[in-house]
Amino acid sequence: MTRIYGGPAAFAREALAGFCDLHAEFVHPVDGGVIRSTRTPEGKVALVVGGGSGHYPAFAGYVGPGLADGAAVGEVFTSPSTARIVEVARRAQHGGGVLLAFGNYAGDVLNFGAAARQLATEGIAAQILPVTDDIASASADERAARRGIAGNVVVYKIAGAAAEAGYDLDDAVRVARLANDRTRSLGVAFAGVTLPGKSEPLFTVEPASLDVGLGIHGEPGISTRAMTDADGLARLLVDRVLAEAPAGAGTRITALLNGLGATKYEELFLLWGRVARLLAEAGLEPVAPIAGEFVTSLDMAGCSLTVSWLDDELERLWLAPADSPALHRGTVSPADRVTAAPRATRTDTIAVPAASECSAAAADRIAEVLSYLAHTLAEAEAELAEIDTFAGDGDHGEGMVRGSRAAVEAARAAVDRGAGASTTLLAAADAWAAQAGGTSGALWGIGLRTAAYEFSDDTAVSMPQAVRAARAALNAVVDAGGAVVGDKTLVDALEPLVRSLETDTADRDGARRWADAAAAATAAARDTARLTPRLGRARPLAARSIGHPDAGAVSLALCATAVGKALAQ
Numbered sequence: 001m002t003r004i005y006g007g008p009a010a011f012a013r014e015a016l017a018g019f020c021d022l023h024a025e026f027v028h029p030v031d032g033g034v035i036r037s038t039r040t041p042e043g044k045v046a047l048v049v050g051g052g053s054g055h056y057p058a059f060a061g062y063v064g065p066g067l068a069d070g071a072a073v074g075e076v077f078t079s080p081s082t083a084r085i086v087e088v089a090r091r092a093q094h095g096g097g098v099l100l101a102f103g104n105y106a107g108d109v110l111n112f113g114a115a116a117r118q119l120a121t122e123g124i125a126a127q128i129l130p131v132t133d134d135i136a137s138a139s140a141d142e143r144a145a146r147r148g149i150a151g152n153v154v155v156y157k158i159a160g161a162a163a164e165a166g167y168d169l170d171d172a173v174r175v176a177r178l179a180n181d182r183t184r185s186l187g188v189a190f191a192g193v194t195l196p197g198k199s200e201p202l203f204t205v206e207p208a209s210l211d212v213g214l215g216i217h218g219e220p221g222i223s224t225r226a227m228t229d230a231d232g233l234a235r236l237l238v239d240r241v242l243a244e245a246p247a248g249a250g251t252r253i254t255a256l257l258n259g260l261g262a263t264k265y266e267e268l269f270l271l272w273g274r275v276a277r278l279l280a281e282a283g284l285e286p287v288a289p290i291a292g293e294f295v296t297s298l299d300m301a302g303c304s305l306t307v308s309w310l311d312d313e314l315e316r317l318w319l320a321p322a323d324s325p326a327l328h329r330g331t332v333s334p335a336d337r338v339t340a341a342p343r344a345t346r347t348d349t350i351a352v353p354a355a356s357e358c359s360a361a362a363a364d365r366i367a368e369v370l371s372y373l374a375h376t377l378a379e380a381e382a383e384l385a386e387i388d389t390f391a392g393d394g395d396h397g398e399g400m401v402r403g404s405r406a407a408v409e410a411a412r413a414a415v416d417r418g419a420g421a422s423t424t425l426l427a428a429a430d431a432w433a434a435q436a437g438g439t440s441g442a443l444w445g446i447g448l449r450t451a452a453y454e455f456s457d458d459t460a461v462s463m464p465q466a467v468r469a470a471r472a473a474l475n476a477v478v479d480a481g482g483a484v485v486g487d488k489t490l491v492d493a494l495e496p497l498v499r500s501l502e503t504d505t506a507d508r509d510g511a512r513r514w515a516d517a518a519a520a521a522t523a524a525a526r527d528t529a530r531l532t533p534r535l536g537r538a539r540p541l542a543a544r545s546i547g548h549p550d551a552g553a554v555s556l557a558l559c560a561t562a563v564g565k566a567l568a569q
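This is how it looks when you write it as C-alpha cells:
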C-alpha cells in the first residue's frame, strides 16, 4: 500500500515538486516534467524520456549530464499528454533535434508520436524510439509489440551518451535502436501494487506463488507458478532471457537486476550472486552490471532481469560518464555541472475568433452538455476502474474524470471569452487530452478536436453537422489508434453510435436520435465482454478480460447516454 500521500489526485504533482527541490543541481521543473539545470552546449541532440509517475527513478531520475535532457511525466501509471511532452521537449532542446524515448505502451506511442509531429511543425526535428525489451508481453515474432520495462534504462544510458558525445540525431537514433534490438527483460511479481488512496491492490498473487511476466503498471503476469528459492528464481530469469539472445550477438553483455519497489536491496544483491554465476556458466562476460531500483511500480514486490548484448560502440557508450539523481557513472566534466537558467519557451496565446450570437449560444450549450457528461463519468468512476482492472491498471475511470472536468473548465472559459461552437469544443478537446493523458486521453482529444472542425463559429450547430462530426471523430480515432470493430476498444461502441445517427433519418428531434444511438452504443459496449482484446495494454492479458466489457467502450457509451439526456433537458 502507498501510505504517504496528501490528496491521491495530487500524488504525482507533489512527488515531482519534492524531487525537484531535492535535486535542483540536476533538474528544473517545467510544465509537464523536468529539464536539466546543467549547462548544455548548443547543437547537441536532446534526449527526452518519459512516462507515467509511480516508477521512480524512471523517468525524472535519469535527467542529467550523459543521460536525458528532459523527462515528461504523466499522472500515476498514465502516459504524459502530447502537450506535456511538447513543452518539455521545447525547453530541453538545444538546436540539434530531439530523440523521444519511452516504453512501448499504446498511450505513450500515441502521445509521443503526436508530440514529434507537432515539434516538426515548429521546426524542431524529432524522432521517437519505443523501447520493447519485455519478452513476456509478445512472442519473438512480434517484437515490435512488446512493452518496455527496465530495459528502458540501458537504452536511455546509451542514447544519452551518444548525444553527449556529439552524435547527430540520425546517429543517436541508430545506436539507440541497436541497443533496444539487443536488450531483453523478464520480470516476476510476488505481490501486487496499490495506487495512492486505494485500499486494495490492482491484482494479487496467490500465497506461496509468483507471477511471471508482470508489467510495470500492475498488469498481471502471463503465468503463475509456485514460489521458488533464490537458485530457482535466478535460473528462471536467466534461462528465459538468454533463450531470446539475438543471433550472433557475442559474449559481452551488460545486465540490470531491477527491484520493483518493495524488494529490498539485500535480496537483489543475494539474487545477483546466483544470476552472475549462471551468466558466467553460459559463457557471458558482464560489463558494469548494476542492481537496484531502476524502473519501479510503487509498492509492488518483485524484480526483473535485463540483459543487453554489447558491441564495441554500445560498450563504450554504456561505460561513458553520466551523472543524474538516480544513475552515476565515472566523472562528468566540471563545466557540465554549472547550473544554467532554463531556456525560455514560446508562449501560445489562443485567440478567440468573433462568434455569431447563435454560435455563441451553441457554445454555451456545448459547455452544459460537457458538464452533464463529466458528472456522469464522476458517478461511474469506481465502476470504470473495476472494469479496467481485469486487463488494465484500473485507472480508466480516474483518467476520464480528470479529462472531462478539464474539458468543462476549458469550455466554460472559452464561452466566457465569447467563443463560438467550434472554438469552444477545440478548447475542450485540448484540455481533455492534456489532463487525462494515456491512450484514452489522446483518443478523446483527437476525436473531439476533429468533431470541432465540423462546427463553425458563425452558425448554430445543426443535427446534420453533429452527425458529420461524429463520423469525422470515428474516422480520426480509427486512424490514430488503429483499432477496428472487434478489437475490444472504444471503437466497438463508437461505430454503432455513428451508424445509428447516420441511418436514423426520421423527422424527429435530435435528443431522441441521440438517445437511440446511445442505446446502440450501450448494447455494443456490453457485448464487448465476449470479445478478445487485440490491441493496447489489454492484448497480452486477453484471456483475463473475456467475460468483462471493455472499459473504454463502456465509458464512451456512458458519455453518449449523457449527451442524449442533456439534449433532452
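In UniProt numbering, the protein residues as written are 1 to 569.
For glycine and all other residues, C-beta sits at the position ideal for the given N, C-alpha and C.
As the structure is a computational prediction, the values presented were derived from the model and not from experiment.
When burial is assigned at 16 or more other CB atoms within 10 Å of the CB, is residue i buried or exposed?
i, result
"N475", "exposed"
"G70", "buried"
"K488", "buried"
"A95", "Checking the sequence shown, residue 95 turns out to be Gly, not Ala. Its Cβ having fewer than 16 others within 10 Å, G95 is exposed."
"A429", "buried"
"E87", "buried"
"L305", "buried"
"T450", "buried"
"L110", "buried"
"residue 658", "Only positions 1 to 569 of the chain appear in the structure, and residue 658 is not among them; the question remains open."
"V484", "exposed"
"R530", "exposed"
"S223", "exposed"
"A351", "exposed"
So residue i is in the alpha helix (DSSP H); what residue range does that whole segment cover?
i, result
"Q127", "Not the alpha helix (DSSP H): Q127 falls in the beta strand (DSSP E), residues A126 to V131."
"D168", "Unbroken run through D168: none, as it is neither H nor E."
"A247", "No alpha helix (DSSP H) holds A247; DSSP gives it neither H nor E."
"D388", "E381 to D388"
"L236", "A230 to L242"
"I216", "Segment: none, I216 is in no alpha helix (DSSP H) and carries neither H nor E."
"R84", "T82 to A92"
Would residue i and residue j be called neighbours here (beta carbons separated by less than 8 Å)?
i, j, result
"L119", "V73", "no"
"A407", "H396", "no"
"T528", "P549", "yes"
"A262", "A326", "no"
"A230", "L186", "no"
"G420", "A466", "no"
"L278", "A234", "yes"
"L317", "I446", "no"
"V415", "D457", "no"
"G97", "L169", "yes"
"residue 570", "T78", "In the structure displayed, the chain extends from 1 to 569; residue 570 sits before or after that span and is not available."
Going by DSSP in three states, residue i sits in which element: helix, strand or coil?
i, result
"T347", "Below a pLDDT of 50, predicted positions are generally treated as unreliable, and T347, at 48, falls in that range; the measurement from the model is reported next regardless. Coil at T347, not helix or strand."
"R3", "coil"
"P353", "coil"
"G273", "helix"
"residue 596", "What the structure shows of the chain is the stretch from 1 to 569, and residue 596 is not part of that stretch, so it cannot be assessed."
"R329", "strand"
"A557", "helix"
"D504", "coil"
"L100", "strand"
"E454", "coil"
"E315", "helix"
"I149", "coil"
"S422", "helix"
"E42", "coil"
"V485", "coil"
"S324", "coil"
"E285", "strand"
"L279", "helix"
Nearest CA to the CA of residue i: which residue from the options?
i, options, result
"R329", "V554, G66 and F59", "G66"
"G7", "R252, S404, Y167 and V76", "V76"
"R13", "V34, L169 and E25", "V34"
"T423", "A355, L370, V478 and A568", "A355"
"D133", "S371, L242, A374 and V205", "L242"
Note the first and the last residue of the continuous beta strand (DSSP E) segment covering residue i.
i, result
"V188", "T183 to A191"
"I35", "G33 to R36"
"E206", "Note, E206: premise wrong, no beta strand (DSSP E); not H, not E."
"L305", "A301 to W309"
"V76", "G70 to V76"
"T224", "S223 to A226"
"G107", "Here G107 belongs to no beta strand (DSSP E); instead the alpha helix (DSSP H) covers A106 to T121."
"V30", "V27 to V30"
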